[in-house]
Structures are given as C-alpha cells and as structure tokens.
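Numbering (numbering that gives the first Met the number 0), first residue to last: 0 to 324.
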Amino acid sequence: MYEAAFRVLEVLETREGPVSGEVISNSLGISRSAVWKHIKELINMGYEITTSHKEGYRLNKSSNRLLPYEVHKKLRTSFMGKKMRYFESTTSTNWVGKQMTHEHDPEELHGLVIIAEQQTGGIGRLGRSWISPRGGIWATVVLKPKIPIERVFMITMAGAIAIARSLRKEYDLGALIKWPNDIYLGDSKVAGLLLELSAEADRVHYALLGIGVDVNVTHTDLSGVPSTVTSVSIEFGHDVDRPELLARILKEFESRYLLLEAGEYEAIVREWKSLSCTLEHRVRVNTLKNSFEGEAIDIDEYGALMIRKDNGKIERVIAGDCVQQ
Ligand code: BTN
Numbered sequence: 000m001y002e003a004a005f006r007v008l009e010v011l012e013t014r015e016g017p018v019s020g021e022v023i024s025n026s027l028g029i030s031r032s033a034v035w036k037h038i039k040e041l042i043n044m045g046y047e048i049t050t051s052h053k054e055g056y057r058l059n060k061s062s063n064r065l066l067p068y069e070v071h072k073k074l075r076t077s078f079m080g081k082k083m084r085y086f087e088s089t090t091s092t093n094w095v096g097k098q099m100t101h102e103h104d105p106e107e108l109h110g111l112v113i114i115a116e117q118q119t120g121g122i123g124r125l126g127r128s129w130i131s132p133r134g135g136i137w138a139t140v141v142l143k144p145k146i147p148i149e150r151v152f153m154i155t156m157a158g159a160i161a162i163a164r165s166l167r168k169e170y171d172l173g174a175l176i177k178w179p180n181d182i183y184l185g186d187s188k189v190a191g192l193l194l195e196l197s198a199e200a201d202r203v204h205y206a207l208l209g210i211g212v213d214v215n216v217t218h219t220d221l222s223g224v225p226s227t228v229t230s231v232s233i234e235f236g237h238d239v240d241r242p243e244l245l246a247r248i249l250k251e252f253e254s255r256y257l258l259l260e261a262g263e264y265e266a267i268v269r270e271w272k273s274l275s276c277t278l279e280h281r282v283r284v285n286t287l288k289n290s291f292e293g294e295a296i297d298i299d300e301y302g303a304l305m306i307r308k309d310n311g312k313i314e315r316v317i318a319g320d321c322v323q324q
C-alpha cells in the first residue's frame, strides 16, 4: 500500500532540510507530478509536510498513526510482523484475520500482523464488545502454530507476558497479569488478549491472537467502559510512541512463541507466574456455571486456575473471570 509514497518519505527523511521536487523525481525516477501526488498521500496519512515553490518539500513531523512503515523501522523480529496489513478503520482485526484465512493458505500468513487505527466492532473475551477508539493498539497476529493442540492456549500466555514485559521495559510501568490473561496497571486493566482457533481433532488450522492495548487513549475516549480501565498515557503521564511499543510487543511475543515451538512450556508457565497479580490472592471467580470465593494458589500446566475454597476444597477453573477481593 502506498509503496511509492513511502519511497518519497524515505528521501525526505534521509536528507536534512527541504528537498526540491526535482531532486525527489530524479532520485526515484518518477515525474514531478507523481512526487506531488505521493506528497498528498503522505499528508493524508498524517505526515506534516510543508511545501514551498522556492525550497521544495520539508518533513516537519512524522505521522502519529500506527503505520506499518513506522513499525517496521523499529521491528527487530525474525518473522513476526514482517508482513502487515493496515486499516484506517475496520470492524475487528480478528474478523479480518478470519476472512484472510479463507482466501490464503494459513501457512503463508504465519506471522502476519493486521493493524487497525480504530475498530467499529471490536470483540472481547466471553463474547463481550471491545471499545477500540483511535490511539490504541488493535492488532491480530495470524499464526499456523507448530505446537501440540493441547498447548495452543499457551499462545495467550506468551502474549500476556509479551505485553507486560514491554510496558515494564519501555515505560517502567509495573504491569502484571490477571488470570486468565488481562494486563493490569495497579487496579486497572490496560490490555487484553483474544485467541481464536480453527482446529479439528488433533490439528490446528490457524490461530488468531488479538491484542488490544489502551495506549494513547483518554478517559473520555473510554467513556462507557468500566472505570477500572486505564491506558498507558494516563498512567505514564503523556502519549507514547505506538509503533515502538507494537514493535517491542512483537519482539517479546516472538521469543516466547519460539519457546513454545521448542516445547519449553515450563519456562512460559514460570515467567507467567512471576508476573501474576492473581496468585496468592483472595479472589472471586465467576464462571458460566457459578461464582465462588477462595485463594488463588496456582495455575496448572493447562493454564487452569486452582482455587482453595474456604472449606479447604480445591477447585480447578478453566474459563471465567476473577475479581481480586
Ligand atoms: C479481552 O476481553 O480482554 C480481550 C480483548 C481483545 C481485543 C483485541 S483488539 C484487536 C483484536 N480485535 C478484536 O476485535 N479483538 C482483539
């Protein structure tokens, strides 16, 4: 998408100061009217470029959108996110991922990241909706996992670790994981993950890991969302570089994902536990069937939460929500 426009941008970025249309057209072998067309495309994508007849074009400010071009500048992965699809607005990046797997072999899509600036029908866990205004990271990683089917759920654990680690490393925020895989800053949720699978018997056709992080999002953007939701900018004090954060999350995620492919499940469980704010706490667990309280004592090798109830009985919870007491 807009490849030629980004080549024009590269010229503006590498030369200091203004660059004449003639210099750009000569260095790229395109006409001056094509240069002008691409400059307009870049301005539409949010780049601040001034034009003057005397001096030419000057890049004053980069776009603050989550454009693949900007993410790729910072991306240090071997395969995750090497290919990206970007949408100014879409219903849900997970839904786009599903559509794409109908049209392409999932093997070819392995590592593809779908990004949306905003989602009009974002999906959360347990069929909830996920409010996705501009300023967040709304992305889906498409995978063709080479992981035994009974371990595929651990992709979400790897994703939760990746987000928590990224927020810690980039901004020194004390991000922790609340079971099952919500990312919390203090008492407020900042990110969530949604894993959707297409599988049969012992074979996974594809997995879609939806990543939702409230990044440069204000309380007003989040109105209608429970007050226990926060954003990186609210906690950090100002807006942050979203391309950099997404590049970091993908890097952290890739390394944990490769551990899963190598069968190093214990390493993932260990790291997940070290980042957990649920374990050793009193919680109320809400499942589809019932609701009860107890102490969260462990997660087992399948990611299920082990609760010691007040009568001493241990309950194993595979799916649900938990509220810290
Ligand atoms: C949760 O309920 O905590 C999971 C939220 C997952 C949201 C992300 S945003 C990108 C992707 N597309 C969606 O529609 N949902 C996921």
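Virtual Cβ for every residue (Gly too), placed ideally from N, Cα, C.
All values derive from a computational prediction rather than experimental measurement.
Proximity test, residue i beta-carbon vs the ligand BTN heavy atom, cut-off 7 angstroms
i      : result
Ile298 : no
Gly134 : no
Gly158 : no
Asp181 : yes
Leu27  : no
Gln98  : no
Gly191 : yes
Arg241 : no
Lys286 : As written in the sequence, residue 286 is Thr, which differs from the Lys given in the question. Because no heavy atom of the ligand BTN lies under 7 angstroms away, the Cβ of Thr286 does not count as near it: no.
Ile210 : yes
Gly80  : no
Asn215 : no
Asn59  : no
Arg124 : yes
Ala206 : no
Gln118 : yes
Arg127 : yes
Thr227 : no
Asn364 : Residue 364 lies beyond the range of the chain shown here (0 to 324); nothing can be said about it.
Trp137 : yes
Gly319 : no
Gly121 : yes
Ser197 : no
Boundaries of the beta strand (DSSP E) in which residue i is found, first to last residue
i      : result
Ala115 : Val112 to Ala115
Trp137 : Ile136 to Leu142
Gly55  : Gly55 to Lys60
Arg84  : Met83 to Phe86
Phe78  : Careful: Phe78 lies outside any beta strand (DSSP E) and carries neither H nor E.
Ile182 : Asp181 to Leu184
Ile23  : From DSSP, Ile23 is part of no beta strand (DSSP E) but of the alpha helix (DSSP H) over Gly20 to Leu27.
Ser131 : Here Ser131 belongs to no beta strand (DSSP E), and DSSP marks it neither H nor E.
Ile313 : Ile313 to Val316
Asp320 : Asp320 to Gln323
Boundaries (first-last residue) of the alpha helix (DSSP H) holding residue i
i      : result
Tyr256 : Arg241 to Glu260
His101 : Thr92 to Glu102
Gly191 : Looking at the DSSP string, Gly191 is not in any alpha helix (DSSP H); the run it does join, the beta strand (DSSP E), is Ser187 to Glu199.
Leu274 : That residue, Leu274, is in no alpha helix (DSSP H); it is neither H nor E in DSSP.
Leu166 : Met153 to Tyr170
Val228 : Where Val228 is concerned, there is no enclosing alpha helix (DSSP H), given that its DSSP letter is neither H nor E.
Glu107 : Pro105 to Leu108
Residue i, DSSP secondary structure in three states
i      : result
Val10  : helix
His71  : helix
Thr325 : Since the first residue shown for the chain is 0 and the last is 324, residue 325 is missing from the structure and cannot be characterised.
Tyr205 : strand
Asn285 : strand
Ala303 : coil
Ser32  : helix
Lys177 : strand
Glu2   : helix
Gly126 : helix
Ala266 : helix
Glu292 : strand
Glu47  : strand
Ile233 : helix
Ile298 : strand
Ile210 : strand
CA nearest to the CA of residue i, picked from the options
i      : options                           : result
Trp137 : Ser62, Gly20, Glu314 and Gly209   : Gly209
Met153 : Pro179, Ser131 and Arg6           : Pro179
Glu169 : Val239, Gly191 and Gly293         : Val239
Lys81  : Thr90, His71 and Thr89            : His71
Ser26  : His237, Leu8 and Glu199           : Leu8
Cys321 : Asp309, Ala303, Leu74 and Glu102  : Ala303
Leu274 : Ser226, Arg64, Ile176 and Ser51   : Ile176
Glu314 : Glu292, Trp271, Asn59 and Leu111  : Glu292
Lys272 : Arg247, Glu260, Val284 and Tyr301 : Tyr301
Glu106 : Leu142, Ala115 and Tyr85          : Leu142
Glu69  : Phe5, Lys188, Ser226 and Met305   : Phe5
Pro144 : Tyr46, Gly110 and Glu2            : Gly110
Asp171 : Gly236, Thr100 and Lys288         : Gly236
Arg124 : Arg202, Ser51, Gly211 and Lys308  : Gly211
Lys84  : Ser61, Glu199 and Leu108          : The question names Lys, but residue 84 is Arg in the sequence shown. Checking every option, the nearest Cα to that of Arg84 belongs to Leu108.
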